[in-house]
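Inspection log for the structure reproduced underneath, given as structure tokens.
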Amino acid sequence: MEETSQGANFWTQEQEIPTLPQDLIIQILVRLPLKTLLKFTSVSKSWLSLLSNAQFHKTHVNFSTNNPKLTDYTLAAVSTVSGLGKICHVYAIRSENSSLTVSKHGCPPKSLSLSAWLLGSCNGLICLTSDSFKLILLNPCTGKFNVFPDSMIQYKVGDGGCYIRYGFGYDAATEDYKVVKIFSFPQTEGRHVNMVNVYSLRANSWSTIQGFNCGYINGNVGVFANGALHWEGCYRHTPGASSEIVALDLATERYGKIALPSYEDGGVHWTLGVSRGLLVACCNYETNRADMWVMKEYGVEKSWTKLVTISSPVDGRVNISPLFVAENGDEVLVKLGTELTLYNARNASFKRLADCVSGDLLQVQVATYIESLTSPHI
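Read left to right, the sequence shown gives residues 1 to 378 (full-length UniProt numbering).
See the structure below:
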């Protein structure tokens, strides 16, 4: 009894209960699941202040980005369903024993059930458009969002019309999130004139930057990797038509080009993606198959490495788009036409993600993101 009494009174009023250094506390917290961190905001005012701090958010994102083995990724998919409008599905992607597990992520946030288009993701934030000519920056984990106006330009549209392309990413030099909107106007011989506007979240305004000329830009949404947005440019109406990646560095707002991997005759369409921070390219062939490549060293053409060749199980040619690659490369999550599918290269099998809606899917937009506390406001 005496020992128990002494133990109970060990910490006297004159003594402070020892605490860990804040740096060590932060290193512990960044390793915890986001649901736990959200609960910890209710522990005390000091913990709420720490977990609400922009510097902690940045540290948490950097840890997740630099430690993909310890990071869970989430997949948001907005499906256009015949007769039902646009409905959102959210899935969790986890890597266990070098294999991918994809499961429903509960009920999606109400903000994602908007009639919207997904424009990309970065640092746990998702960018969307709405039918009301607004852009929405949303953190699906915290439910916080920011709404700002979209951009338009005055330009005499020719017979070829105008194509709109978007992109969303992060400028690390100024710690600013940016939305890029490209107005693409067809010209002769397969070329396009592209006028480009950039929205800065920090400045809360749109600006016009230098445009560029190229072939047709495939994909409605640019892929963000290594501080730049990427689109596939295809010169499909010229002799010996070829493709290349058009890149826009968000810090310098300058353009560059990246060569795609060498491909066989019959390659008709490229799709781009990003997985664990690496640029992924998929060459779709007329023979209903696709080669998937990953750029292991950004900007180095020789670092393109073929991951897998996928033969589509669907009758008729459909495009395969890369979404996520397992650490060992044996399993890849792809968009197969309008279906989200997990492909196992070890036995060439496909596992379709079950949908919770009925009806014919007309289109699926997908964004893969890490869960974070990042604020959609600066």
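Cβ coordinates follow ideal geometry from the N, Cα and C atoms, glycine included.
CB contact flag (residue i, residue j, <8 Å)
i           : j    : result
L278        : L250 : no
N288        : N319 : no
L128        : P376 : no
A116        : K86  : yes
T80         : A92  : no
G211        : G167 : no
residue 402 : N213 : Here the chain comprises residues numbered 1 to 378, so residue 402 is not present and cannot be evaluated.
Residue i versus residue j: straight-line alpha-carbon distance, rounded
i    : j    : result
V179 : S205 : 10 Å
G7   : T19  : Confidence at G7 is low in this model, with a pLDDT of 44, below 50, so its placement is unreliable and no value can be given for it.
Q27  : E189 : 56 Å
V78  : P21  : 43 Å
L342 : K335 : 9 Å
S132 : S184 : 22 Å
V196 : N347 : 45 Å
K69  : R276 : 9 Å
Backbone secondary structure at residue i - three-state DSSP
i           : result
S372        : coil
F56         : helix
S242        : coil
V300        : coil
I25         : helix
C356        : Confidence at C356 is low in this model, with a pLDDT of 48, below 50, so its placement is unreliable and no value can be given for it.
K35         : helix
residue 379 : Summary: the structure shown does not reach residue 379, with the chain confined to residues 1 through 378, and so no result is reported for it.
V61         : helix
T188        : helix
S49         : helix
P261        : coil
L70         : helix
F40         : helix
L201        : coil
T252        : coil
F324        : strand
T19         : coil
D330        : coil
Integer Cβ distance of residue i from residue j, believed to fall under 8 Å
i    : j    : result
W231 : I209 : Contact flag wrong, Cβ pair sits at about 15 Å.
E331 : L100 : 5 Å
8 Å Cβ shell around residue i - same chain, five flanking residues per side excluded
i    : result
K306 : P261, D291, M292, W293
Y170 : C122, N123, D176, Y177, K178, F224, G227, L250
A326 : S95, S98, S99, L100, V332
Other residues of its chain near residue i: CB distance less than 7 Å, five sequence neighbours each side excluded
i    : result
Q51  : Position check: residue 51 holds Leu in this sequence, whereas Gln was assumed. Taken in chain order, the residues that qualify are L37, F40, T41, L373.
Y235 : G190, G215, A241, S242
Cut-off 6 Å between Cβ atoms - residues of its own chain near residue i, not counting five sequence neighbours on either side
i    : result
P186 : G160, H192
C356 : No answer about C356 holds up, because its pLDDT of 48 lies below 50 and its placement is not dependable.
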